[in-house]
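Working notes for the structure below.
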Amino acid sequence: MLTSCHSDDSDDPSEQRNCTNTVFIYMPWTGSQSSSYGSLTKVIQQNIHDIQTETKKGNSDKATRTIVLFADTTVHSTLFEIKGDGTTRKIEEYPHGYITTTAALRTLLNKVAAYSPTATYSMLIGSHGNGWLPAGSQPAESRAFGGTSAATQMEVDTLADAITSSKIGKMQYVCFDDCYMASIETAYSLRNATNWLVASTSEVMDIGLPYSTVWRYLSSTNVDYSKVIDAFGAFYTNYDYPYGALAAIDCSKTDKMAELMKALNKKYEGWDYDLSTIQALDGFRSHVYYDMGAYINTLCGSDTTGNQQVYNELKSLVPYKFTTPSLYTVYQGGYSYKVRTFSGISTSDPTENASAMNIKKKTKWWKATH
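Heads up: the sequence shown begins at 5 in our numbering, then just goes up one per residue.
This is the structure:
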């Protein structure tokens, strides 16, 4: 017989220990150091409210504890638990709204692990996102990994190092409710920190993930990623602004993918191709994020048979994916663009963006594949 791990009549954490899984929702300050302009505070508050509502309805796995870090200003954040009845229990308050270092995030993760000592952990991050690009590399006009300025942003490698060096060690999944985080560069950097990466290749509408439909699956002790993606797709297909992409990436496949891509890069070194024919998945004037499947197709040309292994591995890497027929970008005044091909994961290998050209060569992915 399953029993709830939430004891709603006591504030004693010792009575909350019979759960087997923890989801840590990390929602840092999303403005700059000095301004709330561009922050996502209101929509993140709605996201949290939706999770509370679903929990109250019984649509949250009873063997899972939900711990949230929410920053409402640049100098204040609160760590709290969403209990089984949808109400909250405050754990601790902090005089800061964002974290940018490995040591600080590791301390926070260890706090979560001490408060909720379960067998497994997952992490959901809601903020702005620049993909693999270093803090401050691109303007964050929609959702990004942290705030709207470099000073309030965290880099993916920092996240990976904090997780692997914490008492948690490795997440079951890291889910980014942020823009541009479903890239091979990000997945490869996180391969030792999480089993799965759930994220979007492109920009995320400001309402973010539809927690009213996906939370029941994300809170599961045994996540069915196909249901997460299907629920996301069903919501955005019928949404007033039908623009959304989401994928579940198996990070354990990234080492093999790197091995195969290194061989392809050597085989087709110096190969001349038309960059404009590759599906772009961003709204930058000079694109940074290209569909990985489309890039491989262009790189290999007509030699599909000889490179069948890499196509098969790509399908294993991203077994679950969804995109609407068109995606939206706020850049260049805002416009929608058609998605002709979609593999569920992006790459910046072919980019000629001046800001990204040299930086991409410093990524772990580039070094492993060139």
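Heads up, the beta-carbon is just placed ideally off N, CA and C, and yes, glycines get one too. Remember, predicted model here, so these are calculated numbers, not experimental data.
- The beta-carbon distance between Lys171 and Ala251, rounded to whole angstroms, is 29 angstroms. This is too long to meet the 8 angstroms contact definition.
- In this structure, DSSP gives Thr106 a helical state, which the three-state scheme calls helix.
- A check of alpha carbon separations from Ile71 across Asn22, Gln49 and Met127 identifies Met127 as the nearest.
- Counting only runs of 4 or more residues that sit fully inside the stretch 61-122, the alpha helix (DSSP H) segments are 106-119, in chain order.
- Gly297: member of the alpha helix (DSSP H) spanning Met296 to Cys304, first to last residue.
- Straight across, the Cα-Cα distance linking Thr328 with Lys266 is about 31 angstroms.
- Annotation for Ser340: the continuous beta strand (DSSP E) segment containing it runs Tyr339 to Lys342.
- With contact defined as three or more Cβ pairs closer than 8 angstroms, the stretch 181-201 and the stretch 245-263 are in contact.
- Relative to the Cα of Ser330, the nearest Cα in the group Ala249, Ala238 and Thr45 belongs to Ala249.
- Ser330 carries a strand assignment under DSSP once its states are collapsed to helix, strand and coil.
- One alpha carbon belongs to Phe346, the other to Ser340, and they sit about 16 angstroms apart.
- Within the stretch 203-264, complete alpha helix (DSSP H) segments of at least 4 residues are found at 215-222 and 229-241, given in chain order.
- Here the stretch 224-237 lies against the stretch 56-74, with 3 or more beta-carbon pairs under 8 angstroms apart.
- Here the alpha carbons of Val322 and Tyr315 stand approximately 11 angstroms from one another.
- For the pair Trp370 and Leu112, the Cα-to-Cα distance works out to about 30 angstroms.
- For Asp54, the CB contacts under 6 angstroms within the same chain, skipping 5 residues up- and downstream, are Tyr215 and Ser216 in chain order.
- Across the structure, Lys270 and Phe236 are spaced so that their CA atoms are roughly 38 angstroms apart.
- If you look at Leu279, you'll find it isn't in any alpha helix (DSSP H); DSSP assigns it neither H nor E.
- The straight-line gap separating the alpha-carbon atoms of Met175 and Asn25 is approximately 11 angstroms.
- Under the three-state reduction of DSSP output, Ile129 falls in the strand class.
- Annotation: the continuous beta strand (DSSP E) that includes Ile29 extends over Asn25 to Met31.
- Scanning the stretch 168-205 from its first residue to its last, the whole beta strand (DSSP E) runs of 3-plus residues come out as 175-181 and 198-203.
- According to the DSSP secondary-structure assignment, Gln49 is paired through a beta bridge with no residue.
- Between Asp353 and Tyr299, the gap from beta carbon to beta carbon is short of 8 angstroms.
- Apart from sequence neighbours up to five positions away, the residues of its chain that approach Ser290 with a beta-carbon distance below 6 angstroms are Asn357, ordered along the chain.
- Taking a C-beta distance under 8 angstroms as the contact criterion, Ile103 and Phe180 do not qualify as a contact pair.
- Note on geometry: alpha-carbon atoms of Glu273 and Cys304 lie some 11 angstroms from one another.
- Between Lys46 and Gly90, the beta carbon gap of about 20 angstroms keeps them out of contact (Cβ cut-off 8 angstroms).
- In the same chain as Val79, and ignoring 5 residues on each side of it, the C-beta atoms closer than 8 angstroms to its own belong to Pro99, His100 and Gly101, in chain order.
- Around the Cβ of Gly337, a 10 Å sphere holds fewer than 16 other Cβ atoms; the residue is exposed.
- Ala197 is not a Cβ neighbour of Ile233, given a cutoff of 8 angstroms.
- Residue nearest to Asn22 within the set Thr77, Thr122, Trp33 and Ala118 is Thr122 (criterion: CA-CA distance).
- Ranked by how close their Cα comes to the Cα of Pro32, the residues Glu97, Ile86 and Asp161 have Glu97 in first place.
- The residue from Phe28, Asn114 and Gly62 with its alpha-carbon nearest to that of Glu85 is Phe28.
- Partner residues in the beta bridge of Thr351, as assigned by DSSP, are Tyr294.
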